Amino acid sequence: MQTIVEADPRFDELDEFIDGLEDKSGMLIGVLHRAQELFGYLPKEVQHHVADKLEIPESTVYGVVTFYSFFTMKPRGKYQIKVCLGTACYVKGGQKVSDRVKEELKVTGDEPTADGLFSVQEVRCLGACSMAPVMLIGERDFYGRLTPDKIRQIIDSYKRKENVK
423 MQTIVEADPR FDELDEFIDG LEDKSGMLIG VLHRAQELFG YLPKEVQHHV ADKLEIPEST
483 VYGVVTFYSF FTMKPRGKYQ IKVCLGTACY VKGGQKVSDR VKEELKVTGD EPTADGLFSV
543 QEVRCLGACS MAPVMLIGER DFYGRLTPDK IRQIIDSYKR KENVK
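Next comes the structure, spelled out in structure tokens:
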């Protein structure tokens, strides 16, 4: 019987990445970023594998994964939506924007949508207070001066990319 690691080709790709590093010391965060790109999140099996490959304690890997907010141990959608609820965004309607995003996607927490396309995360600051309220989709798509009425059009544009209605 094959183990999860043996059966999943993403582990082979992660191993290639790690084996290609000249110096593995100090590369934990880089390796975790690559692992999260491959798997979408960092479940215990992936953390254990990284610890074995880097020859470091599993507790060290877990500590880094849980310390940095950009790592997650839960599955996320293909499009990760971060809605700012920092002071400026909150005062200018950030909570209403977040509520509308969740309403449009039919989610209540940070779980992915049923189709796996979207997940929503409320964050404290995205660093664009002058454009409040703001939201970030993925790593690059930034939207500012939002109102709840603008949300459906934005989400629909991503659904069209995926041929989803």
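The working numbering puts the first residue of the sequence shown at 423, with every later residue one more than the last.
Quick reminder that beta carbons are idealized off the backbone N, C-alpha and C, glycines included.
In this text the structure is predicted, and so the values were computed from the model without any measurement.
Assigned secondary structure, residue i (DSSP; H/G/I helix, E/B strand, else coil)
i, result
"valine 487", "helix"
"methionine 495", "coil"
"valine 542", "strand"
"aspartate 532", "coil"
"serine 579", "helix"
"arginine 567", "coil"
"leucine 548", "coil"
"alanine 554", "coil"
Residue interval of the alpha helix (DSSP H) (run including residue i)
i, result
"glutamate 584", "From DSSP, glutamate 584 is part of no alpha helix (DSSP H); its letter is neither H nor E."
"tyrosine 512", "509 to 513"
"aspartate 441", "431 to 441"
"aspartate 474", "466 to 476"
Per-residue burial, residue i [other beta carbons within 10 Å of its own, 16 or more giving buried]
i, result
"alanine 550", "buried"
"aspartate 437", "exposed"
"alanine 536", "exposed"
"arginine 546", "exposed"
Distance CB(residue i)-CB(residue j) smaller than 7 Å
i, j, result
"glutamine 517", "aspartate 532", "no"
"proline 570", "cysteine 511", "no"
"isoleucine 440", "lysine 475", "yes"
Limits of the unbroken beta strand (DSSP E) element including residue i
i, result
"lysine 504", "501 to 506"
"leucine 558", "557 to 559"
"aspartate 445", "It is not in any beta strand (DSSP E) - aspartate 445 carries neither H nor E in the DSSP assignment."
Q: Evaluate contact between the stretch 503 to 512 and the stretch 463 to 477, counting only Cβ atoms and requiring at least three cross-stretch pairs below 8 Å.
A: no
(Q) Quick check: the stretch 512 to 530 against the stretch 478 to 485, are at least 3 beta-carbon pairs closer than 8 Å? (A) no
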